[in-house]
Amino acid sequence: MNISAQAITQYFRSIVAANSHSGIDFKTDAFYILNPEEIIRGQIDQEVSTKIFIEANKSDDERYKVQKNALSVLICMKTVKTIFEAYEKTQDEIDELTGIYFIPAILYRDGKLAYNSSDKKVPWFPREYLQPMVEPKLSVGHVDDVDRFISNHVDRMEQMKTWGDYVTYFKEFYEHVTKAKFEQHEIPSQEDEDSPIELENHAYLFIDQTVNSSFHIMNLYNHLLKVDKPLRLYEQFVSREPAKLVPLLESDLANMKLHTGQMGGEYPLSPSQREAINHFNHMQDGEILAVNGPPGTGKTTLLQSVVADLYVDRALKQEKAPLIVAASTNNQAVTNIITSFGNLNKVGISNLEERWIEGVKSFATYFPSTQKIKEAQQRGYQYTNSTGEYFIANLEAKENIEKSKIKLLHNCNRYFGTDYTELRDCQKKLHDELLFMEAKKQALLILSSDAKRFLGSGTRIDTCLQTLEIEMEHLEKSLQNIHARLREWENCYKNIPFFLRWFSKRVRTEFRLFMNEEELSFLKETMKLNEIKEAYSLRFTDLQKKLVELKKKRDAIKEWVELYDNELEELREHGVVLHDKEEDKYEVAIDKVNELLDKKIRYVEFWLAVHYFECRWANGEDALTEKQVGTTFQNVLEKFYSRLAMITPCLVMTFFVLPKQFLAYGDQSKFYLYNFIDLLIVDEAGQVSPETAAGAFSLAKKAIVVGDVYQIEPVWSINRALDKALALSAGAIKNLEQYEKLESCGLHGYGSSVMKVAAKSCKYKKYEERGLFLSEHRRCYDEIIDYCNKLVYKGNLKPMRGRGQTDPKQAVAKWPQLGYRQIDSETSNRKGTSRYNRREAIQIAEWLDEHFAYILDSYPKEAEKNLIGIITPFKAQVSCIQAEIRKRAPHLRSKISVGTVHTFQGGERNIIVLSTVYGKHEGCFFIDTNKSLMNVAVSRAKDHFFVFGDIQCLKDTASSASGLLKASIIENQI
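Numbered per this note's numbering, the sequence shown finishes at 981, counting up by one with no gaps.
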């Protein structure tokens, strides 16, 4: 790696190491009670220390293993005291044992404490307890004070050596933020000066899970810092220089020919999805393709197409199946991919659309963390790990392989009408058929491209031929008419008395009177009879030439149609009918034909490739020996992934477990399989922080990154001030002024995402922004998505579903697509630091009770849980609405989802209700604080989006999120 990449690697490693803002839970994590004075002295009781080390070593989780007699720990120095009155907690919004100040440290076996100078982790306050915040549970200070203290003490962090230095530092930090003395057991309340927040007089020690949760990411960074080989994809990702822009590619014949496989047979790709596939097919190793995918634009279909395309291409070339890894940070995004790859809609092609081996039901294999294995099992996922347990162990069992061989032979013979007894014959037949389909695809594309010379502005070749025949008929009649007309001219001349023919004026008069309208275009009134004959002779020759040209064109079209019909007939003999309706047969514009190829030939090619690779797998290609099974030697992992890729072309995992799956063993040490993954797919990349995913790019050859920067942002693990300090310390910047350069290219830990970095690394630009853009939106009615289009997408979305008000198939015609119910409220109520509005909750519950049966009848084929979702900014209002539903419409408790925007990320409902909560005089901070939140909320609604609340809380300026919402609903009261 170059020096710049090394510095960014060190910087990203520091961010991961400093990630201490989540993961501590008094309810589930083991902790040890200490006297705060022990912490200040830097020496805890040795018996307690020994017990901690024994417990750490007992854990089966390798992340908890002790390293060289030292253990990373977190000390909760300050904890809110739980107050009880009459045996009841007085602070409903505060959990028992709520930690507000944490000290990272190193614990040695002898009980001594030390500052973790290698990871440079600093004390921290949980972000949710710092102002400003949308829904504070508890406020202990302001985030600006945290940032200011860290920024002003960067050098001090670097120079810190002793535990005493660290104690002085974390005391001063605490006092600067809370405005309270460290030794006191209370801090001033930000909400009520007369009611300070009481604190416990104990300290609590945890084994540091915040580093451990990123153990594999940290391990990968540690190895990356020692790598001296080229890592083109990783270096492109961490480069500070944007990729050099090149023009977008056209969707021409050459690109259409490159597109080989399609995983779905119901619908063709949209124009923007096809554009993405075309650009994907031109990617070289080391390249990153960024695809911006707003809600409802078919990101999942695109990813399936990318996987199918690469899979079929490798089958055609008889190469190894591609190793494709799809990753994200949250399990919801990951499991969405798994679900989509397991629920393909079949179109009914004999037995082709079935798996011809035993024990496989999806095209995705899940690699869960240890904690997620039980969930994966419950959901019925295919799951495994790099040592081949669970799904793979069952799949590779001898009995299963033998059953699979029998099933393959049976299905192959059934599909082709053969009587093979050897799998190698099936494999060859499948590959030959795949080559045949590819040849037919290429031939049809070439024919369609060639048809452009006949079609003109039309799209149908038969219409073109009919038009041509009519033109030829007219020409032939015109040629016949020339002879008759010349005889008429001669008679005209003869009928002029002989003695008058000497007078040219009289002849011209007679000729002028005899000339018809058509002849005015090529005859002159001054012409003599021989000149008229000459003009007609020239016209005759010209018409004859035109007729000859038309006959040539007709013959060429007939020859084209014969070739085209032959191609269709050959396909029909192989079980593929290109056109569902015979009357559409001759609509041969290349774009139309290319769409048919998606649904027919490319889809068949995918399934042929599936069975071809199944044969290779069952024939024992790259099979492991008994001794190799369960080991992670490089040659073993290469074979393991080669076999798995044949069966399930998409491997799905989070970035937290990804590095571990490609960690090999050899020469008495462990090393990573750099540049090993053929394609890395990053999904929901707008929600992935750069340092979490960057290391994974070193393990891959190329990457396609799909996401939306206007969806919910990542949960950043550090604040901006600490991010600056870490960048400076790691050498990523030479001074704090250079931090803005990192921000401009997205290579920073606070405020960025993988989507932003990928855009910088992508060499294409669409709509004045880097990266491609999926523009065809099909989820919401046009009236609904128009709000999002104006709010964040600058009008670049192309609504495809149509307007609800003009849709004759609209399920609920009596309501507008965007509407509101006015609920007068002066103010909302507070519950702790959250908010609720019971009047709104009551009216929502009553409205649901009144209308749910009607809604249910309107959607007879829809699952009840998909009908209605209720979104609100505050958790207190979630509880309030749920309580009112239980009270007023108990039969709906399990049928309606109620939650904050984050609850619905990635989901959709037919009807979404937004409870604003705020009173008319309070404004609407939630809606205007972040446009992404309203973009997500509104785009969840397929058919209707209703606002319940006092709409006077919304702004009147259409440039704001709430003002645009108000303008969109104001005419539609329900």
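Think of the CB as a built atom: it goes at the ideal place given N, C-alpha and C, for glycine as much as any other residue.
Residue i versus residue j: straight-line alpha-carbon distance, rounded
i: Q551; j: V595; result: 30 Å
i: F374; j: I344; result: 12 Å
i: S966; j: T655; result: 48 Å
i: M290; j: F640; result: 30 Å
i: D117; j: V129; result: 23 Å
i: R494; j: I453; result: 50 Å
i: F287; j: V313; result: 8 Å
i: E517; j: E538; result: 15 Å
i: L402; j: R467; result: 50 Å
i: N742; j: L729; result: 14 Å
i: N64; j: I214; result: 11 Å
i: A542; j: E480; result: 22 Å
i: A630; j: V319; result: 22 Å
i: V920; j: V184; result: 39 Å
i: L462; j: T470; result: 9 Å
Cβ-Cβ distance between residue i and residue j below 8 Å
i: W496; j: L557; result: no
i: E205; j: H223; result: no
i: G268; j: A616; result: yes
i: K767; j: C752; result: yes
i: L265; j: A283; result: no
i: S946; j: S279; result: no
i: A701; j: V245; result: yes
i: K410; j: E361; result: no
i: L330; j: D685; result: yes
i: E602; j: P275; result: yes
i: A692; j: V664; result: no
i: V819; j: H928; result: no
Residue i - containing beta strand (DSSP E), residue span
i: S146; result: Taken as a continuous stretch (DSSP letters only), S146 belongs to no beta strand (DSSP E), as it is neither H nor E.
i: S676; result: 676-679
i: I331; result: 331-335
i: N299; result: 295-299
i: D950; result: 948-956
i: P697; result: Per DSSP, P697 belongs to no beta strand (DSSP E); it is in the alpha helix (DSSP H), 697-700.
i: I82; result: 77-87
Simplified DSSP assignment, three categories, for residue i
i: A24; result: helix
i: E95; result: Residue placement at E95 is flagged as unreliable, the pLDDT there being 42, under the threshold of 50; a coordinate-derived value is accordingly withheld.
i: V7; result: Nothing can be reported for residue 7: it is not among the residues displayed for the chain, which extend from 8 to 981.
i: D846; result: One detail in the question is off: residue 846 reads as Arg in this sequence, not Asp. DSSP places R846 in helix when its eight states are reduced to three.
i: E495; result: helix
i: S922; result: strand
i: R837; result: strand
i: T16; result: helix
i: W363; result: coil
i: I214; result: strand
i: V659; result: strand
i: Y373; result: strand
i: K973; result: helix
i: N917; result: strand
i: L120; result: strand
i: I740; result: coil
i: L415; result: helix
i: N979; result: coil
i: T267; result: coil
Range covered by the alpha helix (DSSP H) that runs through residue i
i: G627; result: Neither: G627 is in no alpha helix (DSSP H) and is coded neither H nor E.
i: K882; result: 882-895
i: R828; result: Taken as a continuous stretch (DSSP letters only), R828 belongs to no alpha helix (DSSP H), being part of the beta strand (DSSP E) at 825-829.
i: A563; result: 536-580
i: T185; result: 170-185
Those residues which DSSP pairs with residue i across a bridge
i: Q138; result: H149
i: W723; result: According to DSSP, which records beta bridges pairwise, W723 is partnered with nothing at all.
i: A707; result: I684
i: G906; result: I878
i: G673; result: S676
i: R239; result: DSSP lists no partner for R239.
i: V713; result: V298
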